[in-house]
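Accompanying notes for the structure given below.
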Amino acid sequence: MGDDAELLRAWRAGDATAGAALYDRTFPLVNRFFRCKVDDEIAVDLIQATFLAAVESLERFRGASSFRAFLLGIARHELLDHYRSKARDRSVPIDELTLEDLDPSPSSLLRHGRERRALLSALRSLPLELQLLVELHYWEGLTGPELSDALELPEGTVRSRLRRAREQLRSTVERAGDAMPRRELAATSFESWVESVRPSDAAGPHAP
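Numbering (the working numbering), first residue to last: 129 to 336.
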């Protein structure tokens with residue numbers, strides 16, 4: 129089986145088997161991206177739109193960064209376009225708003241345990257751009273250059289905003305009081321705890 133870019137080229141050329149292989153291989157990545165940012169039904173639509181856009185924009189992938197950064201960059205655009213279409217106030221950039229502003233009552237949070245809910249609630253209070261930085265760095269392991277590519281930011285800006293995101297997230301979690309996983313944090317670093325609360329691949333919506 130070829131690498132992701134080769135599978136995408138074959139899919140675009142009409143190879144349905146290559147398309148199915150690429151979808152199965154990268155679905156967990158895209159699924160995690162949309163989880164807890166939109167309801168399940170919308171997530172299915174955005175996942176499908178992400179893969180369609182990846183096929184249509186194949187020429188943009190030059191191999192300078194990783195395929196996952198390319199795919200997550202497309203997913204980010206789909207998410208921003210979704211919330212941009214719903215926004216009443218167009219004067220504020222969507223990625224500067226929080227998910228608490230954009231979607232105040234996410235039913236998807238209810239299916240998670242206390243510890244994960246605490247982190248997800250804190251993430252939702254960050255500006256969307258900072259939330260994405262935290263998730264893509266700690267949950268997906270994207271490097272500085274990959275984050276720069278996926279979020280369309282200079283690498284120096286990525287580093288400074290990631291530091292700010294960590295500080296804001298920790299402060300929010302600490303203010304949560306009883307929701308704070310004190311036992312876990314007593315035995316590990318805050319960053320390790322964030323990594324450990326990554327959603328499992330099995331949860332969330334699945335496109336047909």
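No residue lacks a Cβ here, since even glycine has one placed at the ideal position from N, Cα and C. Since this is a predicted model, take the numbers as computed values, not measurements.
Beta-carbon proximity of residue i to residue j, cut-off 8 Å
| i | j | result |
| --- | --- | --- |
| LEU225 | LEU264 | no |
| ARG137 | LEU186 | yes |
| LEU261 | ALA293 | yes |
| THR178 | GLU134 | no |
| ALA246 | LEU297 | no |
| PHE162 | LEU150 | no |
| TYR266 | GLU302 | no |
| GLU268 | GLY201 | no |
| ARG160 | PRO327 | yes |
| CYS164 | LEU248 | yes |
Assigned exposure category for residue i - 16 Cβ within 10 Å defines buried
| i | result |
| --- | --- |
| LEU180 | exposed |
| VAL220 | exposed |
| ASP209 | exposed |
| THR145 | exposed |
| SER317 | exposed |
| ARG252 | buried |
| ALA278 | buried |
| ASP131 | exposed |
| ARG244 | buried |
DSSP three-state assignment for residue i, whether helix, strand or coil
| i | result |
| --- | --- |
| VAL166 | strand |
| PRO156 | helix |
| GLU319 | helix |
| THR271 | coil |
| LEU238 | Unreliable placement is indicated for LEU238, whose pLDDT of 49 sits below 50; the coordinate value is still reported in the next sentence. Reduced to three states, the DSSP call for LEU238 is helix. |
| VAL301 | helix |
| ARG326 | coil |
| MET308 | With a pLDDT of only 49 at MET308, under the threshold of 50, the placement of this residue in the model should not be trusted, and no figure is reported. |
| ARG218 | coil |
For residue i: DSSP bridge partner residues
| i | result |
| --- | --- |
| THR226 | PRO255 |
(message) If contact is defined by three or more beta carbon pairs under 8 Å, each pair taking one atom from either stretch, is the stretch 191 to 211 in contact with the stretch 281 to 294?
(response) no
(request) Evaluate contact between the stretch 287 to 296 and the stretch 210 to 218, counting only Cβ atoms and requiring at least three cross-stretch pairs below 8 Å. (result) no
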